[in-house]
Amino acid sequence: MPLNIRTYHDLTDPDASGLLGQVGAQRGRVAARLADVRRVVAVMSGKGGVGKSFVTAHLARACARAGRAVGVLDADLNGPTAARLLDAPRTPLTVRDDAVLPAVAADGVRLISMAQLLEDGRPLAFRGPEAESFVWRGAQEVAALREFLSDIAWGQLDLLLVDLPPGLGRFAELATLLPTPPGVVTVTIPTPESGDAVRRALRAAVERGAPALGIVENMVGDQFPGDAADSLAAEFGIPVLARIPFHPQDAVWSELAARL
Amino acid sequence: MKFLCIECDRQMTFEERELPGDGTLAIAFSCPGCGRRVGMLTNPFETQLVSSLGVVIGGRTVPEQPMEMVRSTVATGKDNAFGESRGPESVLGVTWSTDAVERLAKVPNFVKGMVKRIYTEYARDHGITEITPAVMDTARTELGLEGM
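Below you can see the structure in the form of structure tokens.
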């Protein structure tokens, strides 16, 4: 005999848990915190080891030297490197009433990175039952990313650079958390293999509505032959913002900063 | 999440939540019509899954603390990752008993500042001038501080 139970929405008394409301409030805090940030740009690549963090750090410093207020959010929670690349101080992060103050790193770049929070040499690990931990670990990492956005007192910024790990997943999480998809700067090395991986990532970002701002080709030189940047630029109709040699001069970063 | 008393066709009312141990989260609901009470118990896996989303079953009763999820869930955080700009007890006029201080000392430094702030604000909001282990137990249950 069927129960003929009414639906969730048929029951009009308040839902004491209000889980959707709590999630909505989380998103609201992200939007409120970023209201004074003029622009959020994700630095991404489908490929690992192409120098995303290196490009992010030097781009941030060049922008700061040009007088812009810049923040870096290291979204590579499991392999964070931005703190070292930006010479972040190793002092504790200060907790204020409703936020944590970002570290002030080289050239005045404001920074949050998991590296500032973890014991030296230890991996990011969460409390909780070991069994089936893969199910909830993803949610924990998204929560950490959300708090990096909403609970850091970024203040007024001209530019917040988000240094993404390799792959597609973290970009999707970032785009979900932000009120609007971030602009995307894509980093590749010249090889066709890199181009293939970057193409997938860039396609995923564009299909989520993210403005593709351009390509940075890193490690340009004889060691890595290819034309990945030009191919991708032609395919997506976007500019090659910079070609970075193995031993770049400061001018390369200044020129890149001026184009962003 | 809503509970329905099928016999009365009435939505049941959230009553209270408890953490009886072993990772179980217990939530009691009652029917406003016939008074029947039911308890929902989650296993540790389910408790963890919900808390991983940063939401509280039964509703949030205190504002989210800065970086609450990171501070309460990261197991490999370094002791001196965070520094409070000022001690909450000095602002809120609440003292800690010796027993409560000893218990607080067992909390990892990574999360201790946040835990201290939460308990202190709870005491202030309830007109409690001294925090004891009993106050901590009550606050922990009422506020849904799984894992703290």
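Protein chains in written order, with this note's numbering: chain A, 9 to 268; chain B, 62 to 209.
Cβ coordinates follow ideal geometry from the N, Cα and C atoms, glycine included.
Quick caveat: nothing in here was measured; it's all calculated off a predicted structure.
My assumption, with CB atoms under 8 Å, is that residue i sits in contact with residue j. Please give the rounded CB distance.
i                      : j                      : result
residue 59 of chain A  : residue 260 of chain A : Residue 59 of chain A to residue 260 of chain A, Cβ: 12 Å. No contact.
residue 143 of chain A : residue 110 of chain B : 7 Å
residue 77 of chain A  : residue 157 of chain A : So it is not a contact: roughly 17 Å between Cβ atoms.
residue 121 of chain A : residue 90 of chain A  : 5 Å
residue 153 of chain A : residue 182 of chain A : 7 Å
residue 55 of chain A  : residue 174 of chain A : 6 Å
residue 25 of chain A  : residue 119 of chain B : 6 Å
residue 119 of chain A : residue 80 of chain A  : 5 Å
residue 234 of chain A : residue 198 of chain A : 4 Å
residue 92 of chain A  : residue 123 of chain A : 7 Å
State yes or no: is the C-beta of residue i nearer than 7 Å to some heavy atom of the ligand SAH?
i                      : result
residue 197 of chain A : Judged by which ligands are present, the structure shown has none, so any question about the ligand SAH falls away.
Residue i CB to nearest chain A CB: under 8 Å?
i                      : result
residue 91 of chain B  : no
residue 137 of chain B : yes
residue 173 of chain B : no
residue 224 of chain B : One cannot answer for residue 224 of chain B here, as it falls past the ends of chain B, which runs 62 to 209.
residue 145 of chain B : yes
residue 142 of chain B : yes
residue 179 of chain B : no
residue 101 of chain B : no
residue 131 of chain B : yes
residue 165 of chain B : no
residue 156 of chain B : no
Under 6 Å Cβ to Cβ from residue i, same chain only, skipping five residues before and after it: list those, please.
i                      : result
residue 47 of chain A  : 167
residue 68 of chain B  : none
residue 161 of chain A : 107, 109
residue 86 of chain B  : 103, 108
residue 214 of chain B : Because chain B here runs from 62 to 209, residue 214 of chain B falls outside it and cannot be looked at.
residue 214 of chain A : 220
With 8 Å set as the bound, which would you pick, yes or no: does the beta-carbon of residue i sit closer than that to a beta-carbon of chain B?
i                      : result
residue 103 of chain A : yes
residue 49 of chain A  : no
residue 155 of chain A : yes
residue 26 of chain A  : yes
residue 186 of chain A : no
residue 13 of chain A  : yes
residue 44 of chain A  : no
residue 81 of chain A  : no
residue 144 of chain A : yes
residue 31 of chain A  : yes
Keeping to the same chain, check which residues put their C-beta closer than 7 Å to that of residue i; ignore five residues upstream and five downstream.
i                     : result
residue 65 of chain B : 72, 73
residue 63 of chain B : 72
residue 66 of chain A : 261
residue 72 of chain A : 78, 115, 116, 117
CB-CB under 8 Å to residue i, same chain, minus the five flanking residues each way: which ones, in chain order?
i                      : result
residue 192 of chain B : 155, 156, 157, 158, 161, 180, 181, 184
residue 171 of chain B : 132, 135, 138, 139, 140, 142, 143
residue 131 of chain A : 86
residue 83 of chain B  : 105
Are the C-beta atoms of residue i and some chain D residue less than 8 Å apart?
i                     : result
residue 85 of chain B : Judged by its chain identifiers, the structure shown contains no chain D, and its protein chains are A and B.
- Message: Is it the case that the region 102-113 of chain B contacts the region 94-108 of chain A, given that we only count it when at least three CB pairs across the two stretches are under 8 Å?
- Response: The region 94-108 of chain A is not in contact with the region 102-113 of chain B.
- Going along the region 127-140 of chain A in order, which residues come within less than 8 Å of chain B, judged by CB to CB distance? Hits within the stretch, in order: 127, 128, 130, 131, 132, 133, 134, 135, 136, 137, 139, 140.
- Hey, is the region 34-47 of chain A in contact with the region 202-213 of chain A, meaning 3+ C-beta pairs nearer than 8 Å? They do not touch, by the three-pair rule.
- Task: Examine the Cβ distances between the region 208-224 of chain A and the region 180-198 of chain A and report whether three or more of them are shorter than 8 Å.
- Result: Contact between the region 208-224 of chain A and the region 180-198 of chain A is present: 3 or more CB-CB pairs across the two stretches fall below 8 Å.
- Near-chain A residues of the region 112-124 of chain B (beta-carbon distance less than 9 Å), N- to C-terminal order: Residues of the region 112-124 of chain B with a Cβ closer than 9 Å to any Cβ of chain A, in chain order: 112, 113, 114, 115, 116, 117, 118, 119, 120, 121, 124.
- Spell out a yes or no on whether the region 223-231 of chain A and the region 240-248 of chain A are touching, meaning 3 or more CB-CB pairs, one atom from each, closer than 8 Å. They touch, by the three-pair rule.
- Query: Taking any Cβ of chain B, which residues in the region 91-118 of chain A have a Cβ under 7 Å from it, in chain order?
  - Reply: If you check each beta-carbon in the region 91-118 of chain A against every beta-carbon of chain B, the ones closer than 7 Å belong to 100, 101, 102, 103, 104, 106, 107, 108.
- Members of the region 164-184 of chain A near chain B, C-beta cut-off 7 Å: Here the close residues number zero.
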